[in-house]
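Student:
2 protein chains.
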Amino acid sequence: VRETDLLRRIAERSADLPTSFPRVLVGPGDDCAVLDASDGPLAVTVDQLVEGRHFEPGTPVDLIARKAVARSVSDLAAMAAWPAWGLVTAVLPPGYAHADELAAALAAWGRSWSLPIVGGDVATGPAGSPIVLTCTAAGTAHASRGPVLRSGAQIGDRVYVTGRLGRSFPSGRHLRFEPRIVEARALADALGLALHAMIDLSDGLGIDAGRVAEASGVRIELEASSLPKNDGADLDAALGDGEDYELLLVVDAGARPPILPCGVTEVGRVVAGRGCVVRTGTGDSVDASNRGWEHR
Amino acid sequence: VRETDLLRRIAERSADLPTSFPRVLVGPGDDCAVLDASDGPLAVTVDQLVEGRHFEPGTPVDLIARKAVARSVSDLAAMAAWPAWGLVTAVLPPGYAHADELAAALAAWGRSWSLPIVGGDVATGPAGSPIVLTCTAAGTAHASRGPVLRSGAQIGDRVYVTGRLGRSFPSGRHLRFEPRIVEARALADALGLALHAMIDLSDGLGIDAGRVAEASGVRIELEASSLPKNDGADLDAALGDGEDYELLLVVDAGARPPILPCGVTEVGRVVAGRGCVVRTGTGDSVDASNRGWEHR
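Respectively, the protein sequence lines represent chains A and B.
Each number in this note's numbering corresponds to the 1-based position in the first sequence with 18 added.
Each number in this note's numbering corresponds to the 1-based position in the second sequence with 18 added.
The structure is reproduced here in structure tokens:
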């Protein structure tokens with residue numbers, strides 16, 4: 019499949035976008051897509067997926083496409099933004115046989131999370147180059163709460179996580195996780211300005227909680243015994259495996275998060291200081307700011 | 019340089035963005051950037067640059083970064099949109115020594131074209147993977163003309179190109195071209211709704227004029243003797259070399275484009291039919307719809 023043919027097929031497949039998604043004024047097929055942006059500030063992010071790095075060679079095309087889109091949608095969730103539109107790119111090895119299937123899967127997963135794919139680019143890499151996908155995602159900020167940043171944690175706040183943590187890679191969950199967009203909106207709806215800070219757990223609870231602590235100028239103390247763990251996950255896995263794509267939220271002590279089907283568990287507190295520590299059963303506090311899957 | 023360190027440096031370098039660019043409400047460093055989008059429809063595009071494909075191994079880092087940003091900005095120009103913000107990604111080989119320089123260059127070239135880089139992602143590829151850069155660019159549609167699409171050409175219109183064509187690769191111009199954002203705005207300002215259609219010439223005049231013809235349901239007839247050529251370029255080069263990143267514009271016959279420093283040359287007409295043909299000195303019409311650098 020030649021690239022122009024592929025891009026044309028994507029454009030044809032997306033011909034209904036301006037009808038189905040009123041925000042899309044011009045869909046794929048021109049030099050740019052054109053979007054109505056009159057419904058408030060836009061949260062934007064881009065993430066990439068590299069073969070041999072974020073997925074193993076031989077992973078089904080549908081799951082590669084799913085993860086590429088889901089990672090960016092998860093970044094929107096971390097802001098409590100609602101998906102608006104996306105752009106994708108792919109570098110494919112010469113003679114790659116599944117280009118059309120991949121393009122269809124990217125578009126389908128985008129739609130499944132309210133993220134119409136309004137454009138993109140496909141290139142053939144040199145021989146031996148890994149598959150590289152990117153997904154740019156734009157979302158509208160929560161109407162009343164606004165974008166939820168990492169920097170809003172305050173001393174005395176309580177720290178929660180959605181779902182359960184650990185063993186995302188060995189269990190295959192890193193390919194099938196559900197980005198928490200609905201949960202994030204429910205949290206922002208219910209908590210409003212008491213939802214002080216949020217992040218999605220991509221690199222590991224220790225590192226990501228450390229990022230919230232650093233951005234907010236505080237320390238986060240996690241309780242080891244409180245961490246919700248997936249089957250087979252120990253403390254190290256829950257703290258450091260990464261790729262959970264659950265939300266960590268920091269909430270005013272005077273408020274309580276709503277009940278969500280995925281579960282919302284209190285895991286710690288915000289105190290004065292720096293970094294992220296874990297308090298173990300023996301009463302020790304162990305630095306956790308480096309516990310995670312540091313991208314190198 | 020670890021990726022998180024690199025992303026942090028990019029964020030630090032961009033700390034002034036919300037001050038210098040009022041549209042940037044939250045710059046790099048959080049899960050998403052946040053943009054004010056209240057000034058009208060947004061034109062968005064993404065392009066990628068692959069080592070061994072769009073640039074030779076060993077090309078200076080500054081020129082790689084320049085081309086990655088310039089290609090996307092050129093897509094905004096093709097719509098007569100004005101740059102608003104951008105996102106970049108990079109896949110780098112293991113141990114790549116110039117990551118920080120590359121990030122700085124991407125940010126600097128973005129700013130030089132009014133495209134503040136508000137976020138991005140860096141990943142290390144497996145051994146032997148090519149450098150892959152992407153640039154997502156968003157721009158605001160021209161306030162009075164609106165976005166200029168490929169599909170507006172009408173029978174009887176005149177066809178023009180900016181600048182000169184051909185030999186972009188051998189001359190090195192593909193690394194140093196100036197995206198025509200100022201020219202596009204001037205054209206939209208002066209011509210208004212008489213500016214019927216526009217495209218940037220990335221793949222070659224023949225192919226790209228063919229795209230306008232196809233999108234508009236018309237035929238474009240080019241005059242071989244009229245094509246403005248770069249030094250050393252013959253007709254084949256002007257028609258098919260690609261990577262010129264000049265604008266092709268289609269204008270109502272009752273209007274004339276303004277004079278621009280880069281030159282605006284009438285090269286043909288819009289007639290009934292399909293595709294793009296070139297009329298040679300002998301009076302023959304030769305199909306040109308496939309004359310260009312077809313991406314495979």
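Where a beta carbon is used, it is the ideal one built from N, C-alpha and C, also for glycine.
1. Figure out for me which residue from A:G310, A:F39, A:D305 and A:V295 has the closest Cα to the Cα of A:S220.
2. So does B:P59 have its beta carbon nearer than 6 Å to some heavy atom of the ligand PLP?
3. Which of the three DSSP states, helix, strand or coil, is assigned to A:L240?
4. Can you pull the chain B neighbours of A:L53, defined as C-beta to C-beta under 9 Å?
5. Taking only beta-carbon positions, decide if B:L151 is within less than 7 Å of chain A.
6. Mind checking who B:P9 pairs with in its DSSP beta bridge?
7. Can you tell me where the alpha helix (DSSP H) holding A:D118 begins and where it ends?
8. Which residue spans inside the stretch 157–227 of chain B form an unbroken alpha helix (DSSP H) run of at least 4?
9. Using beta carbons (cut-off 7 Å, strictly below), is A:I28 in contact with chain B?
10. Should B:Q172 be flagged as near chain A, meaning a C-beta pair shorter than 7 Å?
11. How about B:T158 and B:L105: do their beta carbons lie closer than 7 Å?
12. From the DSSP secondary-structure annotation, give me the bridge partner or partners of B:E284.
13. Taking the CB atoms as reference points, tell me whether B:V136 and B:A51 lie closer together than 7 Å.
14. Nearest to B:A233 by alpha carbon, out of B:A271, B:G210 and B:S307?
15. Tell me the rounded alpha-carbon separation between A:R163 and A:I149.
16. Does the stretch 231–249 of chain B come close enough to the stretch 282–295 of chain B to have 3 or more Cβ pairs within less than 8 Å?
17. For the beta strand (DSSP E) holding B:A141, just list the boundary residues, first then last.
18. So, A:V64 versus B:D139, is the Cβ gap smaller than 7 Å?
19. Tell me which residue opens and which closes the alpha helix (DSSP H) that B:A88 is part of.
20. Quick check: what's the CA-CA separation for A:D259 versus B:L211?
21. What does the Cβ neighbour count give for B:E264, buried or exposed, with the cut at 16 atoms within 10 Å?
22. Is the Cβ of A:G235 closer than 7 Å to any Cβ of chain B?
23. Indicate the three-state DSSP secondary structure (helix, strand or coil) for B:R27 in the structure shown.
24. Assign A:E74 to buried or exposed, taking buried as 16 or more other Cβ atoms, counted over all protein chains shown, within 10 Å of its Cβ.
25. Could you give the DSSP three-state label for A:P36: helix, strand or coil?
26. Quick check on B:G113: buried or exposed, where buried means 16 or more other Cβ atoms within 10 Å of its Cβ?
27. So B:L53 and B:W103 are in contact, right, with Cβ under 8 Å, and what is the actual spacing, rounded?
28. With B:E261 and B:F187 assumed to form a contact (beta carbons below 8 Å), what rounded beta-carbon distance in angstroms separates them?
29. Could you check what DSSP says for B:R314 in three-state terms: helix, strand or coil?
30. Given that a residue counts as buried once 16 or more other Cβ atoms are within 10 Å of its Cβ, and exposed if not, what is B:D249?
31. In terms of residue numbering, what span does the beta strand (DSSP E) encompassing B:A61 cover?
32. DSSP puts B:A51 in a beta bridge; with which residues?
33. Along chain A, in chain order, which residues have C-beta atoms closer than 9 Å to that of B:D305?
34. Could you spell out where the alpha helix (DSSP H) holding B:L253 opens and where it closes?
35. Tell me the DSSP secondary structure of A:R229 in three-state form.
36. Using a C-beta to C-beta distance shorter than 8 Å, which residues of chain A count as neighbours of B:D93?
Tutor: Answer, in terms of the structure:
1. Translated into positions along the first sequence, residue 220 of chain A becomes position 202. Looking at the Cα atoms, A:G310 is the closest of the given residues.
2. As for the ligand PLP, it is missing from this structure, which has no ligand bound.
3. Indexing the first sequence from 1 puts residue 240 of chain A at position 222. A:L240: strand per DSSP, three-state reduction.
4. Taking the first sequence and counting its residues from 1, one reaches residue 53 of chain A at position 35. Within chain B, the residues near A:L53 are A55, P59, L60, A61, V62 and A156.
5. Translated into positions along the second sequence, residue 151 of chain B becomes position 133. Answer no: the Cβ-Cβ gap between B:L151 and chain A never drops below 7 Å.
6. The displayed coordinates of chain B run from 19 to 314. Any statement about residue 9 of chain B would go beyond what the structure contains.
7. Position 100 of the first sequence, counted from the first residue, corresponds to residue 118 of chain A. Unbroken alpha helix (DSSP H) run through A:D118: A117 to S130.
8. 186–189 and 199–209
9. Counting from one through the first sequence, the residue named residue 28 of chain A turns up at place 10. Cβ-Cβ to chain B under 7 Å: no for A:I28.
10. Numbered from 1 along the second sequence, position 154 holds the residue referred to as residue 172 of chain B. With 7 Å as the cut-off, B:Q172 does not count as an interface residue toward chain A.
11. Working through the second sequence from its first residue, we reach residue 158 of chain B at position 140. Working through the second sequence from its first residue, we reach residue 105 of chain B at position 87. The answer is no: Cβ separation not under 7 Å.
12. Residue numbering aside, residue 284 of chain B sits at position 266 when the second sequence is read from its first letter. BP columns for B:E284 point to B:Y178.
13. For the purposes of this step, residue 136 of chain B is taken as residue 118 along the second sequence, with counting starting at 1. For the purposes of this step, residue 51 of chain B is taken as residue 33 along the second sequence, with counting starting at 1. Yes, the pair counts as a contact, with Cβ atoms nearer than the cut-off.
14. The count along the second sequence starts at 1 and reaches residue 233 of chain B at position 215. Considering only alpha carbons, the answer is B:S307.
15. Indexing the first sequence from 1 puts residue 163 of chain A at position 145. Indexing the first sequence from 1 puts residue 149 of chain A at position 131. About 38 Å.
16. yes
17. Mapped onto the second sequence, residue 141 of chain B falls at position 123. That run of the beta strand (DSSP E) goes I135 to T142.
18. Locating residue 64 of chain A in the first sequence gives position 46, counting from the first residue. Locating residue 139 of chain B in the second sequence gives position 121, counting from the first residue. A contact, by the Cβ cut-off of 7 Å.
19. Position 70 of the second sequence, counted from the start, is the residue given in the question as residue 88 of chain B. Unbroken alpha helix (DSSP H) run through B:A88: V79 to A96.
20. Numbered from its first residue, the first sequence carries residue 259 of chain A at position 241. Numbered from its first residue, the second sequence carries residue 211 of chain B at position 193. In a straight line, the C-alpha of A:D259 is about 56 Å away from that of B:L211.
21. Position 246 of the second sequence, counted from the start, is the residue given in the question as residue 264 of chain B. With 16 or more Cβ atoms within 10 Å of its Cβ, B:E264 is classed as buried.
22. Here residue 235 of chain A is taken as the residue at index 217 of the first sequence, counted from 1. No, its Cβ sits nowhere closer than 7 Å to a Cβ of chain B.
23. Taking the second sequence and counting its residues from 1, the one referred to as residue 27 of chain B is at position 9. Of the three classes helix, strand and coil, the one that applies to B:R27 here is helix, per DSSP.
24. Taking the first sequence and counting its residues from 1, one reaches residue 74 of chain A at position 56. A:E74 is exposed by the Cβ-count criterion.
25. Within the first sequence, the letter at position 18 stands for residue 36 of chain A. A:P36: helix per DSSP, three-state reduction.
26. Stepping through the second sequence from its first residue, residue 113 of chain B is reached at position 95. Label assigned to B:G113: exposed.
27. Translated into positions along the second sequence, residue 53 of chain B becomes position 35. Translated into positions along the second sequence, residue 103 of chain B becomes position 85. Sure, about 6 Å apart at Cβ, within 8 Å.
28. Here the question's residue 261 of chain B lines up with position 243 in the second sequence. Here the question's residue 187 of chain B lines up with position 169 in the second sequence. B:E261 to B:F187, Cβ: 6 Å. Contact.
29. The sequence position of residue 314 of chain B within the second sequence is 296, counting from 1. Residue confidence for B:R314 is low, a pLDDT of 34 falling below 50, so the modelled location carries little weight; the figure read from the coordinates is stated next. Reduced to three states, the DSSP call for B:R314 is coil.
30. As a first step, residue 249 of chain B is located in the second sequence; it is residue number 231 there, counting from the start. Exposed, by the Cβ-count rule.
31. Numbered from 1 along the second sequence, position 43 holds the residue referred to as residue 61 of chain B. Per DSSP, B:A61 belongs to the beta strand (DSSP E) from L60 to V68.
32. By 1-based counting over the second sequence, the position of residue 51 of chain B is 33. B:A51 pairs with A:V62.
33. In the second sequence, the residue the question calls residue 305 of chain B occupies position 287. Per Cβ cutoff of 9 Å: no residues; B:D305 is ~16 Å from chain A at best.
34. By 1-based counting over the second sequence, the position of residue 253 of chain B is 235. Per DSSP, B:L253 belongs to the alpha helix (DSSP H) from L253 to G258.
35. Locating residue 229 of chain A in the first sequence gives position 211, where the first residue counts as 1. Helix.
36. Counting from 1 along the second sequence, the entry for residue 93 of chain B is found at position 75. What B:D93 touches in chain A: D49 and C50.
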